[in-house]
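Right, one structure below, let's go through it.
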Amino acid sequence: MGLNNLRTLYQALVLDHASHPRNKKEMKEATAMQTVHNPSCGDTVNIFVKVQNEKIVDVSFTGSGCTISQASASMLTQSVKDKSVFEALEMTKIFSDLAIGKEHTSDEIEKLGDAAVLTQVMQFPARIKCATISWWALEQALLKKG
């Protein structure tokens, strides 16, 4: 895919998820929940996860922040739903690695679903936390779910 096509896809997906977030709601029956706040920009994301038999059967988020943070949270919920806890933790690692410049195979990046386009934001260091805040919250929620 050409660079211009990738930028267009990135912009379209981010704007769509920010304008029409998926799974943006509080979940009363969550088995784990985590809030992460970025004081430097004001983004706050609350991740709610319902895990049964080590599988994510439902995931949602609430919070406020910039377009990128809200779109990333929306994409995350779609990407990890119906995944095992192990798979979701692997996805959070891949996403975090990409944020700090570590490389992954295209097969590993594809595991992120639509969220893979957010790797484009990694070109702008000031926006990396915006893209990763929901992924950090998910990782923390899954690690403490027990």
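Under the working numbering, the sequence shown has 26 at position 14, and the numbering climbs by one with no breaks. Beta carbons are placed, not taken as given, at the ideal position from N, Cα and C, and that holds for glycine.
Review point. Using DSSP with H/G/I as helix, E/B as strand and the rest coil, what is Met39?
Key: Start at 1 with the first residue of the sequence shown, and residue 39 comes out as number 27. Coil.
Check your understanding: Grouping DSSP H, G and I as helix and E and B as strand, with all else coil, what is His32?
Key -> Looking up residue 32 in the sequence shown gives position 20. Coil at His32, not helix or strand.
Review point. Using CA coordinates, which residue listed in Asn58, Pro33, Val133, Ala127 is at the minimum distance from Lys40?
Key: As a working mapping, residue 40 is identified with position 28 in the sequence shown. Minimum Cα distance to Lys40 is reached at Asn58.
Check your understanding: Can you tell me whether DSSP reads Asp94 as helix, strand or coil?
Key -> Taking the first residue of the sequence shown as position 1, residue 94 is located at position 82. Three-state result, Asp94: coil.
Review point. Rounded to a whole number of angstroms, what is the C-alpha to C-alpha distance between Ala138 and Ile68?
Key: Start at 1 with the first residue of the sequence shown, and residue 138 comes out as number 126. Start at 1 with the first residue of the sequence shown, and residue 68 comes out as number 56. Distance between the alpha carbons of Ala138 and Ile68 is about 31 Å.
Check your understanding: Which residue or residues does DSSP assign as beta-bridge partners of Phe60?
Key -> To locate residue 60, count along the sequence shown from 1; it is residue 48. Bridge partners of Phe60: Met45, Ser72.
Practice item. Within its chain, find whatever has a CB closer than 8 Å to the CB of Asp55; leave out the 5 residues flanking it on each side and keep chain order. Key: On the sequence shown, position 43 is the one that residue 55 refers to. Here the set comprises His49, Gly75, Ser76, Gly77, Cys78, Ser81, Lys141, Cys142, Ile145.
Review point. Going along the chain, which residues of its own chain have a beta-carbon closer than 7 Å to the beta-carbon of Met109, five neighbours each way excluded?
Key: Taking the first residue of the sequence shown as 1, we reach residue 109 at position 97. According to the sequence shown, residue 109 is Asp rather than Met. His116.
Point to revise | Outcome for His29 when other beta-carbon atoms lying within 10 angstroms are tallied against a minimum of 16 | key: Residue numbering aside, residue 29 sits at position 17 when the sequence shown is read from its first letter. By the 10 Å Cβ count, His29 comes out buried.
Practice item. Sort Val133, Ala44, Glu122, Leu27 by Cα distance to Gln64 and report the nearest one. Key: Locating residue 64 in the sequence shown gives position 52, where the first residue counts as 1. Of Val133, Ala44, Glu122, Leu27, the residue nearest in Cα terms is Ala44.
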